[in-house]
Each structure stands twice: as C-alpha cells, then as structure tokens.
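Here's the structure, in structure tokens; my notes come after.
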Amino acid sequence: MAWIVRNLWLIPALPLLAGGIIALAKRSQRVLAASLAIGSMAVSFVLALIAFAHVLSLGYGEHAKEVANINWFQMGQVWVQVGWVLDPLTAVMLVMVTFVGSLIFIYSIGYMHDDENFTRFFCFLALFAAAMLGVVISNSLLLLFMCWEIMGLTSYLLIGFWFHKPSAAAAAKKAFIVTRIGDLGLFIGMAWLYAQTGTLLFFDAGKGCVEPSALSALVSHTTIFGWTLSTAIGLLIFCGAAGKSGQVPLHVWLPDAMEGPTPVSALIHAATMVAAGVFLIARVYPLMAAQVPSVLTPTLALQVVTWVGAITAVFASLIAVAQWDIKRILAYSTVAQLGYMMMGLGVGGVSIGMFHLITHAFFKALLFLGAGSVIHGCSGEQDIRHMGGLKKSMRVTWLVYTAGTLALCGVVPFAGFWSKDEILHSAFAFSLTRVPFYLGAFGALLTAFYMTRQYIYVFFGTTNRPAVHQDFKHEEPAAIEHGHHSPHESPAVMTVPLVVLSVFAVLLGFMGAPFWPWFQSFIEGAPVAFSAAPFMEALPLMAVSSMIVLVGIGLGWALYGRRPITSATAPDVLEAAQPQVFGVLNHAFYVDAFYKATFVRLNDWAAAISDWFDRWVWSGVVQVVSYSTLGFAWFDNFVDTNVVNGGFDEGCETVSRGGKLLSLLQNGRAQSYLRMIGLALIVLVVILLWEARA
Amino acid sequence: MSSFPCITLLTALPIVGAIVLLLLGGNKKLVRWTSFGFSLLILLMALAMWHQFDPASGALQFQERHAWIPALNIEYRVGVDGLGLLMVLLSAVVVPISMAASWKIEERVSLYFALMLLLQACLFGAFTALNFVHWFTFWELSLVPAFFLIKIWGGPKRTPAATQFLVYTMVGSVAMLLSFLAIYVATNKFDFVELAQMAQSGQLMPTVLSHISVGRITAHHLELLIFAGVFLGFAVKVPLIPFHTWLPATYSEAPTGTTILLTGAMSKMGVYGFLRILLPIFGIQMQQVLTPLLWLAVATVVLSTYAALAQKDLKRIFAYSSINHLGYCLLAIFAVAKCSGGDAGLIAEKYAAMNGVLLQMFNHGLTAATIFWFIALLEQRSGGLRGLNDFGGLRKVAPVFTGLMGVALFSSLGLPGLNGFIGEFLIFKGSFPLVKWATSISVIGLLVTAIVILGVIQRVFSGPLHEKWATFPDLTTGERVALVPVITLMFVLGLYPQLVLGVINSSVIQMVHQLKF
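These protein sequence lines are chains A and B, in that order. Residue numbers 19 to 712, in our numbering, belong to the letters of the first sequence in order. Residue numbers 4 to 520, in our numbering, belong to the letters of the second sequence in order.
What follows is the structure, encoded as structure tokens:
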C-alpha cells in the first residue's frame, strides 16, 4: 500500500491537532493561532495533492479503491472497523477543501483582525476543517456520521460566534436542530443498513455495504410501501443529506446561518460543509442506484433526489430575487445551487453532480469573500440598497466579483457554465420526465436575473447611498470597529485570495467541458479523449441555456441598470410593480412563519402536555394512593386510641417510665447514633477476632 | 480467581472511612480532605480490580462464598462480571465527583461526608452481591444515607421530597420482597445464579406455581403478579414512567452533591437490577407483557424529554433528562427480551443493544454527574440561583466555565467524539432491527434532547450579559484541576470506547447466550 494511502489520516489529523493546541492557547496568542491553523491546512493541502497525484498515477480505467481499515472496538464476536478510502471522489474533494480552506483561512486574518476572539475563531475553523476532511476520507458510514456531526457542531459554534447577539445565538441553535432533524433519518438509515449488511464500511474487498454483494441482497428484499430495502435506506440517508445541504423543506437554517462571520459563510455555508450532503449521496450512490437488473428506470431514491433538487433550485432562486441583504441573496443562491447538484446526482450520476460541487465551491467562495470585502469596505453594511457605485472605490473586489457573478450565472466560458450545462443536459436526457429540466432552466434564468440585480445595486449607481449605519441590525461587529466611513478597498491579505479564487472561477470549467470531459472520466475511472463529437451534440442545448442566461441578465439590466439607482428608500422595481408577489418572495414564502405556527407550536404543546401530565395525572395517582393510605391510618389510630387502648393505659404508665430512662440513649441525633454504631462495630470486630484466635 | 477478598475489602473501606470521619468530628477542612482521600483510595482500589480483571472471560470473578445463615440457605456470595465491575468503577468515579461538588457544605460536615461514604458502601454491596438477601440488604440500606442527605442538607421543600423518595422506593422494594419470598418458599433458593439457571431451564415458575396458590388467582396471573412485584421495584428505581414522580422533586431538592450520587450511581441500581435479576430470572414473563413494556419505554423516552423542555429549573431539566437517558437503556433491554431464543441472525443485534446499555449506563453516570457538578458550581456563584432565565451571556465573563460545561452538555446530547454517542448508537443499532417502530419513535427523544440542551446553552451562556453577573468568576485553578480529568475521560471514552467495551463484551456475550427462554 502506498505511503499516502497508509497515512491519509494525517490530512484531517493535522488541522485537528492544530485546533486542539489553539484551544489551549491564550486569547492574546493570535499569531500562534493563525499560523498553526493556516500551516496545518497548507500541509494538508500538500498531502492532498500527493494523494491526488497518487490516484492519477494509477491510470484511467483503474476502478480500484484503496482502503485502510482498522479495528475500533469489540462488539459481540466481531470488531467494529473504521477506516479511510482513497479514490477519485475523495482525492478531488480533499484538494478542493484544503485549497479553498487555506485561502479562506488567510482571508480571515484580515477580516477578523479586530475581533477580540480571533484566537477562538481559528480554533473553530481548524476543527471544522478536520471534521470536513474526516467526512471526505471516511470509509465507514459510522465514522462519516461522527465527523458529520462534529462538523455540525463547529458550524453551530461559528454561526453563534458573536454569541452576545441574540439573533446569532438563535440562528446557531436553529441550524443545529434543523440539520439534526435530517440527521435522525440518517441515524436510523445507518442502523438499518448496519443490521442488513452487517457492516458500515463502504468498501471492504467486496464485503462493504455499498459493494455489489450487499446491494444485491438489499434490492431483493422489500419493506413498507413495497420499497426495496435499498430505496428505504437510501431515502433515510437522503434525509441527512437534505438537512445538511439545505434542501427544501429543511433549507430554513441556511439563510439564518449568515449571522456568522463572512469567512464562515464562505467556507462552511457555501463551499464545503453544505456540499457534504451532496458528497454523501455521491459516496453512497451505488446504494441509491441499486435495483434489480431487469428494471431500467431510475430508482425511486434517485427520483426523489432529482425532484427535491429541482424544486429546491427554483424555490430558492425565486426567494433570492426579492432579498436585500447581500449575504442572504448569496445564501439562497447557495441553496439553489445545491439543488442543482442534487438534481445532477439524480439525473446524471456522481460525476455530473460532483462537477458542479467543485466549480461552485470556487466561485461561491469567491462571491462570499467578495461580499465580505464589500461589507468590510462599507463598515459593516449588508443591505444592498445602501451600497452602490463601489466599482470605483473597490476596483479589485469589483473585478473578481464580476468573475464570480458570471460564473454563477453560467455565462460562457466561466466555470459555472460548463457544470450547470452538464446538469441541464442530463436532465434533458432523463428518461422519466422532462419537468426537472424545465425547472432547472427556469432556475438558470432566475439566477442570472437576481445576480444581475445584486451586481447593479452594489457596484453601479451613486456611491454610498445614505446608509443608516447605527441602527442597522445586521452589522458585523468585526467590521464596525473599523469606523471607516467611506468605502475603501480591503487589504491585500483579503484581496489576494480573491484573485486566486477568481482565476479558478474562470478556468475550472474546462476540466469538464464536453469536448474534453476529463473530470467526469476521472471520477468514473474511464479513459478520456479529446473529441468534438459530444461537444457538437451538446451544442444546441448550450445555445439554448446561453440564451436563457442572456435573457436573465438582459431582464435584470432592463429593470435595474438602465436608470442609476440613487435612493435607498425607493421601492424595488419589482416591488413597485407587484407588491404582493414581492412581499411573499421577500418573506421566503413564509416558510419560517409556517413552521413556527405548526411544528414549533406542536413541540411547545407536547412539552406543556408532558409537564401537565407529570404534575396532575402521574402525581395525582400517587397522591390519591398516599392520601387514602393516610386516611386509613387515621381511622385505625382513632379506633385504637378510643376503643382498644382504654384499659391498657394504666399498665402502660409503668412501661413508659422505664422507657424514659432508655430514651436517653435515643436522643435523635444521627451523629451520635452513627458514632454508637461505629463503636459497637469496632467492639464487635474485636470480639470476633478474639474468638477467631481462640 | 484470587483468594484475596477484594470485594469485601472494597465494600468495607468506605465504612471504615465513614467511621474515621465521624471520629474526626469538627475540623471541616480535615474532614473534607480525609473523605476525598478515602474516595480516591477507593477509586484506586477499584482501578486495581479493573487491572486484575480478566476481560476475556465473561464469568464471575473475584468470587467469595461463605455460609451465612445456612438454615435459610442464605449465603454471603459476592463476585463481579463485566457488568458488576463497570458499576463498581462508576460508583468509585462518581463519589469523588459528588464530594468535590459538595465542598462548600458547611453544616455537619463530618456527618455529610460519612453518609456519602456509607452510601458508596451500599452501592458496592448491591453491585457485587449474588444472593438475594445480601443484595436486598444493601439495596434497602442505601436508602438510609440517601434519605438523611436529602432531609438534612436539602432545599426548602426537602422534607416532603425525602419522605416521598423513601416511601415511594420502599413500596417498590416491598413488592419485590414479597415476590422473592414467594419464590423462596417454593424453591428454597436465594442465589441469583442458581435461580437464573432454574429459570433458563424452564423449571422456576412451574415449581413456584406448584407450591403456591393465592385465592382464586389463576396460575398464569400469579406468575405475572410475581414478576410485577420485582418489576415494580426496579421500575421505580430507574425510573420508568409512570413510576417516576418522586424523581424530579428528589433531584431538585437534594443538595447538588447528593443529586450527583443519586443520578450518577444510584439510578444505575435499577437498570442493573433489570440486567442481573429481571432479564435472566423473569425473562419469560417479561416477554409475555412485552408490548406494553415497550410502550412504557417509548413513553419514558419521549415524555421525559418533553417534560424537560417545559422546566425552568436547571436541576429539574437534567432530572428529566436523566429519565430520558435511562429510558434508552430500558428500550434496549426490552428489545433484547423480545427476540430471545436461537435466532442466529439477530444475535449480533442483541450484542449491540446490550453493549449499548452497559456503555450508556456508565456514560450517563459520568456525564450527568459532571453536569450536576457544574450546576453546583453555578449555584455557588449565584447564591443558589439556578433558573433557566436567571442568567444570560455568561460566556463573556466565564469562557472556560462555558467551554467545559459545554463539553459535558454536548456529551449528554450524544455528540460523536464524546462519551455519550457510541452507547446511544449501539442501543439504536441493536434495537432497531428488533423492534422497528418503538425505536423509530424513540428518536424523537434524541431530537428534543438537543432542543433542551441547546436551549440551556442559549439561555445561560449566550445573548447579552446580564449586569448582575458582570463579576461572575470563571473557574478557579483548583476547580479546573478537578474538572479536567473528568472532561478528558469524556473525550477518551468517546474516541476509544474499547476501554469500556473491552471489559464488558465477554460478559455481554455470556448474558445474551444465557437468555434461552
């Protein structure tokens, strides 16, 4: 086994170690914290590159996965094993996470510069990286789940990083609980899978739980609703993925998660952690796709993934159209893009979904960090109505943001174009229905539209429209302390990572373009060839999707760009035209309000009822029993004193006099009792010993 | 098997300690350190036993057997297998924690700590005894120190709480005693091992029923009645809803150091009874009424966590949370009882569930004890306040306190990487294939527990700092030194559960194989 496979665990272990050391550091040891976190991440990046090179060196067509499994604990007659796996999927994710992570860590030095808990921030970031990398290399669903939950914890800690803000504390709690709802499905799915296959290792020389022999057993059994076991378990696992990746109806936590510092939004809630759900489905894809060989239609599990993804894509894009907060727009856009990835997995398989995951990670990290730079430059302002004309004062940020926007919109030849087009192409070819394709295309139109809207609001029009700094709620404390008043460009420590990311946002798509689908071949382990045929075949659809994007951008320009926006209080053009529709979208279809009125209230009722039952019913029964016992005792006592006792009283006098003497021994003090007992015991022991000798 | 009487010595040591403390009398500082020293000595001795214990064998070890009252066939017979040893270790770990949390007790200090050591002796006795009479003596005796600890040092409503605690548990015990007397009358046996063997071979109940008849009660009902008596004794102790009403009042009124002992170690006596006595001896009867039992377990898991959600007092919150955590144990025990017999396909699930139960018992003891310890520290700093809404934003002034208590809280929530997770996972992993619906409903408990615990963190530690607490002191060095080993243990057990599983696994295999009804 190659050195890198044996030591793959080092990749998550290094940030974990760094996080552990930083946790013990003092608040003032800022340089130590930042350098440890970034250093460990950089070394992990190098290791990830070595791993990547190793997988490449195995050559195409090599389908083998290299695994290392170790015994963890004993249970019954067997050892429960955990381990790690190195395959193309892992290698790609490792490189992406460590690279994007390193850049965001560096960026954070600038962004969090004035925060008093700078050290703690890097501790959490490092722990997050460790957990995420653990998810990526894990060869056991159990280990993956553990890292997955720890990742959830770091997300919780980072969303609530500014814990003194009640909104941040509430958002953190919400994120943890909403994702945990999905995780319970995953938890049960995991238990079930374990029970059926006897292992949670993904790959174990043919005995793993997503390898053919286990799968053929799973598809041959049916359970409730006539589903095959693989479908039922697959859907339960998908619950977890949907929670983590913000799919409808569990998407509500992700926009609120923007309460965290912006680097966190970029790293965790856009580029990496939220994509873990997509990654999980990619990892267990053989399970999701398993069916009896004679059936050719996609499995129910994959259909569900496709539909949920497609609906999420449109749903979130619609909401993004009517938001004011720069980070919220990007958050809803993330939800939508995750929907695309899920849809890609459903209709096209692992490589299609993963391609979008990777390109999205780069351009969305770029957009968020760009947004952070904007917020930083505007002294904590997040409302796009109060920005404007920033292209003059923030040149670098403006340029890179343009690249990110074009990539997200899916303009040729930016990264997002190629990956989104692959998804639409597969959706078009989906054998069951074409509705997901239409939804996806509509989503693309909306994406182009809302990004244009945001772009124009932020970078065009008059500079610094009258902002209400003081009473604006979403200000990030880190930025406030700066106290700058006119927009300014961010320091190099922030802009350099932006520039690096933007290069990828422009170029990365060529890795998977139809004329040279290297990425897809790499993931699937097939040889790649430079060929024009698939490209020509895909050309008409590309033309259509480009048209859609252009329409979206044109619409945005027509509504917002033709006349410069000069007032922060003027209603949005859409708002003026359709106030009701805009209101519904602005409130995100009132999903939060709906949940509050139903699930949250139900939960409160359940608590109140349980408490009431406890106080009145269960205790009540006990009270009734005890009072009836007391009543009986009182009656007994009454009979005794008045009927039975009369004649005895006389005789008892004598006894009681004797008793008074004896009662001196019983003075009611527990201490002296125990002391007596103790002394008596000693005496007893002595006597016994004496006798034993005799 | 060594001939050295380890267990007798271990049980005697706390009694000696208690006597020494009582003779010491007034010097508070001396008393505290002496008692703490004794508890550490006892811990060391328990660790030595752990070291000597042969983990490859599931049989009873360190056995001692002497005739006691031969006429009644009562023996002094003690010994531990993996389960017993685990409980001994847990008691040995929890007592120093509860003493540390009781450091600020100022009244009748020597008596307080002496009673704690006496309680520990009773726990050791109950976890090692193999003869009913001997075991029952310790089981009942343990109520006495617990009663006085609550009654003398408790909160404002201590008297009713202590009385309720004593009487309620006593009712369960009396029922149990009657059942065992019935069995004794018929079989002339008090020995758990022998009774279990009889039960496994299917002779126990027929023998009993051939000797005893009560009025017009049918044989079948009598059998269930005998079972119900024993069941009640344990169900009250664990507790199982609806036999739990004594618990919230007791846990919240007891001085927090005592609450630690009650929840950390004493509550395990109930689960221990289920495993050592009820399952091997009364498995068949358990199986006959399994469906209602399963629903009771599910109700315990779900209702208790919802009740915790409705509480405003931190001690009451974690009292209900304790019921919830032990509810999982009962769920798994009932699941194992459901599918007894030779179904080889399910044997792995039973191993998982039983290992999970044992692990959960230990981990709950450790975690709950630590959480209550933090509550005690909170009370000391706030002058007795412990309401959910009395605090806010403490993280700003007490980051280390928040961090370490956060670890304990997340351990209680079942976060992977900390001690709570593997036990819960094994319980669910094992129970799900055995009883699908009951287990699926029980996951609600996992969700609501998270809501409860995150709610506590949010209310107590997050948000703006309340002016009143601007000078809230963070943990002192001494407190940190005391807490760090416990917190470290949480991480160690979370990452390396083999430390515990290695000790119990062989015993679990043996226990599961003995269930042949």
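Each residue gets a CB set at the ideal place from its N, CA and C atoms; glycine is no exception.
Best match in the options for proximity to residue i [C-alpha to C-alpha]
{"i": "A/G77", "options": "A/G530, A/Y212, A/L233, A/E542", "result": "A/E542"}
{"i": "B/L518", "options": "B/L429, B/D477, B/R279, B/R389", "result": "B/R279"}
{"i": "A/Y691", "options": "B/A117, B/V188, B/P500", "result": "B/A117"}
{"i": "A/W623", "options": "B/Y354, B/A313, B/T479, B/V455", "result": "B/A313"}
{"i": "B/V239", "options": "A/L707, A/W636, A/D667, A/V661", "result": "A/W636"}
{"i": "A/L384", "options": "A/E399, A/G434, A/V96", "result": "A/G434"}
{"i": "B/A1", "options": "B/A351, B/E256, B/F428, B/F246", "result": "Nothing can be reported for residue 1 of chain B, as the shown portion of chain B is limited to 4 through 520."}
{"i": "B/V305", "options": "B/L212, B/A338, B/A453, B/L180", "result": "B/A453"}
{"i": "B/S255", "options": "B/D194, B/S324, B/G481, B/H69", "result": "B/S324"}
{"i": "B/S204", "options": "B/I215, B/F193, B/F285, B/T266", "result": "B/F285"}
{"i": "A/L247", "options": "B/L361, B/P436, B/L265, B/A149", "result": "B/P436"}
Residue i at chain A interface by Cβ criterion, 9 Å
{"i": "B/N366", "result": "no"}
{"i": "B/Y275", "result": "no"}
{"i": "B/T479", "result": "no"}
{"i": "B/F116", "result": "no"}
{"i": "B/N191", "result": "no"}
{"i": "B/R483", "result": "no"}
{"i": "B/S443", "result": "yes"}
{"i": "B/Q461", "result": "yes"}
{"i": "B/Q536", "result": "With chain B represented from 4 up to 520, any question about residue 536 of chain B goes unanswered, as that position is not in the structure."}
{"i": "B/K519", "result": "no"}
{"i": "B/I18", "result": "yes"}
{"i": "B/A355", "result": "yes"}
{"i": "B/I153", "result": "no"}
{"i": "B/N422", "result": "no"}
{"i": "B/L369", "result": "no"}
Beta carbon proximity, residue i to chain B, threshold 9 Å
{"i": "A/Y174", "result": "yes"}
{"i": "A/L639", "result": "For the record, residue 639 of chain A in the displayed sequence is Val; it is not Leu. Judged by the 9 Å Cβ criterion, A/V639 is in contact with chain B."}
{"i": "A/V486", "result": "No answer about A/V486 holds up, because its pLDDT of 44 lies below 50 and its placement is not dependable."}
{"i": "A/I168", "result": "yes"}
{"i": "A/Q95", "result": "yes"}
{"i": "A/L202", "result": "yes"}
{"i": "A/N25", "result": "no"}
Bridge partner(s) assigned by DSSP for residue i
{"i": "A/G715", "result": "In the structure as shown, chain A begins at 19 and stops at 712. Residue 715 of chain A is therefore absent and cannot be evaluated."}
{"i": "B/E78", "result": "B/A70"}
{"i": "B/D316", "result": "B/G390"}
First through last residue of the alpha helix (DSSP H) which encompasses residue i
{"i": "B/W71", "result": "Segment 64 to 72 is the beta strand (DSSP E) holding B/W71; no alpha helix (DSSP H) there."}
{"i": "B/G368", "result": "350 to 385"}
{"i": "A/V518", "result": "510 to 525"}
{"i": "B/V495", "result": "480 to 498"}
{"i": "B/K154", "result": "146 to 156"}
{"i": "A/P454", "result": "453 to 477"}
{"i": "A/E593", "result": "591 to 595"}
Under 9 Å by beta carbon: chain B residues contacting residue i
{"i": "A/F448", "result": "What A/F448 touches in chain B: nothing, since even the nearest Cβ is about 33 Å away."}
{"i": "A/L692", "result": "A21, I22, L25, L114, A117, L118, L121"}
{"i": "A/H182", "result": "G396, R398, K399, S465, G466, P467, L468"}
Partner residues on chain A for residue i, Cβ-Cβ distance less than 9 Å
{"i": "B/P488", "result": "Those do not exist, as B/P488 stays about 16 Å from chain A at its closest Cβ, beyond 9 Å."}
Interface partners of residue i on chain B, CB under 7 Å
{"i": "A/R198", "result": "L450, A453"}
{"i": "A/S628", "result": "L306, Y309, A310, A313"}
{"i": "A/F142", "result": "Within chain B, no residue comes near A/F142; the closest Cβ sits about 12 Å away, beyond 7 Å."}
Within chain A, the residues that residue i reaches when beta carbons sit closer than 7 Å
{"i": "B/E352", "result": "A213"}
{"i": "B/L12", "result": "Within 7 Å Cβ-Cβ: nothing; B/L12 doesn't reach chain A, min ~14 Å."}
{"i": "B/P500", "result": "F91"}
Under 8 Å from the C-beta of residue i: neighbouring residues of chain A
{"i": "B/T248", "result": "D632, W636, S637, V640"}
{"i": "B/F413", "result": "L171"}
Under 8 Å from the C-beta of residue i: neighbouring residues of chain B
{"i": "A/W210", "result": "F435, P436"}
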